[in-house]
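Residues -14 to 123 (my numbering) are what the sequence shown spells out, left to right. Even glycine gets a Cβ: it sits at the ideal position worked out from N, Cα and C.
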Amino acid sequence: IDWSLQSDNRETPVIKGVKQKYNVNDVLNVNCSTAAHDSQLKWFVNDDQVNSSQLVRYNMDETGHLVLGLMFVMEVHHFQMQELKLRCVAQFDRTIADFQEQVIIRTMNQEVIEAQSNVGINSTADNGMKPIILVIIM
């Protein structure tokens, strides 16, 4: 028997609000939402669960989705790695699986992080730097 698990749209969290470009002192303000009311949303940055001071808790939105925000100021240390990985996990109380969405923002220097959807057209940024590809893994 193949017990492979597949999420449906109800369970898979969705990350929204990622900007194409971040600079030092910019505010990263993104939301994660899911229609699965029996889940708990959690944020991770570079595989570390974020502390509660960076979370923005919302009531259910108008569509009945659970929403959890992540907000923090982009500091120099965020630009010292080649990528900044944001991951939202929908964890279920009685579960055999957790579903997640992950966003990776890659940087080419220590002053600017740029993200670009891999669906979009690749081009160079206004400052001549190569764009950074935003990868969403489901």
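For the candidate residues HIS22, ASN36 and GLU60, whose alpha-carbon lies nearest to that of THR48?
Closest in C-alpha terms to THR48, from the list HIS22, ASN36 and GLU60, comes HIS22.
Cα-Cα separation, GLY2 to VAL15:
Spanning the two alpha carbons is a distance of roughly 5 Å.
With a 10 Å radius around its C-beta and 16 neighbouring C-beta atoms as the bar for buried, classify VAL52 as buried or exposed.
VAL52 is classed as buried because its beta carbon has at least 16 other beta carbons within 10 Å across all chains shown.
From what residue to what residue does the beta strand (DSSP E) around VAL12 run?
First-last of the beta strand (DSSP E) with VAL12: 12 to 19.
Go ahead and label TYR7 buried or exposed: buried means 16 or more other beta carbons lie within 10 angstroms of its beta carbon, across all protein chains shown.
In this structure TYR7 is buried. Its beta-carbon is surrounded by 16 or more other beta-carbon atoms within 10 angstroms.
Helix, strand or coil: which one does DSSP assign to VAL9?
Residue state, collapsed to three classes: coil.
Within the same chain, show all residues whose beta-carbon is closer than 6 Å to that of CYS17, passing over the 5 residues directly before and after it, in chain order.
Closer than 6 Å at Cβ, skipping near neighbours: PRO(-2), ILE0, LEU26, LEU53 and CYS73.
Minimum C-alpha distance to HIS63 - residue among GLN39, ILE90, GLN34 and SER24:
Sorting GLN39, ILE90, GLN34 and SER24 by C-alpha distance to the C-alpha of HIS63 places ILE90 at the top.
Going by DSSP in three states, VAL61 sits in which element: helix, strand or coil?
Judged by DSSP in its simplified three-state form, VAL61 adopts helix.
Take PHE57 and list the residues in its own chain whose beta-carbon comes closer than 7 Å to its own, dropping the five residues that flank it on each side.
Excluding residues up to 5 positions away in sequence, LEU13 and GLN39 lie with their Cβ nearer than 7 Å to the Cβ of PHE57 in the same chain.
Per-residue burial, SER24 [other beta carbons within 10 Å of its own, 16 or more giving buried]
Counting of Cβ neighbours within 10 angstroms places SER24 among the buried residues, the total reaching 16 or more.
Could you tell me the distance, in whole angstroms, from the CA atom of MET45 to the CA atom of SER37?
Answer to the nearest angstrom: the Cα atoms are 18 Å apart.
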